[in-house]
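Novice: I have a structure I would like to understand better, so I am pasting it below and will then ask my questions one at a time.
Residue numbers (the UniProt record's numbering): 1 to 158.
Here it is, written out as structure tokens:
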């Protein structure tokens, strides 16, 4: 890079064509539009992203946080966004293991009574959220009665 001195204030003037292209200076990738919409629980924006890009968008992790949309919505308790995601989901999305825990969406949601509302949302698509007898046996000891009742409904429909 070649610089010349400014005649008015003596500072270096750098020719813009000699500057770095910015790729070296870029920080980590930004969260995807879908990830940002989920984090703000903006179901309208989530739906628009899904309309634009289809269900395949749900099968790809955000390049910034490496989390799948369904897990981001569950962990963030973004219930309105989760409803839109669940409606658009298929069994492949439901069975994606969470990068952090290795659990599927139903395993994650049944791990604590604090996710009861997530399980209620899953009732609308019981066809893709499979609660096996084994999973029910494991989780029923860990959750309260309300959550256990929802899990039992899902297990009976599976």
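We put the CB at the ideal spot given by N, CA and C, even for glycine. None of the values given here were measured: they were computed from a predicted structure.
(1) Taking Cβ positions, are residue 84 and residue 50 nearer each other than 8 Å?
(2) The alpha helix (DSSP H) that contains residue 53, what's its start and end?
(3) Are the CB atoms of residue 128 and residue 89 nearer to each other than 8 Å?
(4) What's the call for residue 23, buried or exposed, on a 16-neighbour Cβ count within 10 Å?
(5) Could you check where the alpha helix (DSSP H) with residue 69 kicks off and where it finishes?
(6) Where do the ends of the alpha helix (DSSP H) carrying residue 118 lie?
(7) Could you check the C-alpha separation between residue 145 and residue 111 for me, to the nearest Å?
(8) Please say whether residue 86 and residue 55 have beta carbons closer to each other than 8 Å?
Specialist: Well, looking at it:
(1) Within the chain shown, the letter at position 84 stands for residue 84. Within the chain shown, the letter at position 50 stands for residue 50. Going by C-beta atoms, residue 84 is nearer than 8 Å to residue 50.
(2) In the chain shown, residue 53 corresponds to position 53, counting from 1. That run of the alpha helix (DSSP H) goes 43 to 53.
(3) If you number the chain shown from 1, residue 128 lands on position 128. If you number the chain shown from 1, residue 89 lands on position 89. A contact, by the Cβ cut-off of 8 Å.
(4) Here residue 23 refers to the residue found at position 23 when the chain shown is read from its first residue. Residue placement at residue 23 is flagged as unreliable, the pLDDT there being 48, under the threshold of 50; the coordinate-derived value follows with that caveat. By the C-beta density criterion, residue 23 is exposed, having fewer than 16 other C-beta atoms within 10 angstroms.
(5) As a first step, residue 69 is located in the chain shown; it is residue number 69 there, counting from the start. Start and end: 69 to 75.
(6) Residue 118 sits at position 118 when you count from the first residue of the chain shown. Looking at the DSSP string, the run of the alpha helix (DSSP H) that includes residue 118 is 116 to 122.
(7) Here residue 145 refers to the residue found at position 145 when the chain shown is read from its first residue. Here residue 111 refers to the residue found at position 111 when the chain shown is read from its first residue. For residue 145 and residue 111, the gap between their C-alpha atoms comes out near 14 Å.
(8) Numbered from its first residue, the chain shown carries residue 55 at position 55. Numbered from its first residue, the chain shown carries residue 86 at position 86. Their beta carbons are not under 8 Å apart, which means residue 55 does not touch residue 86 by this criterion.
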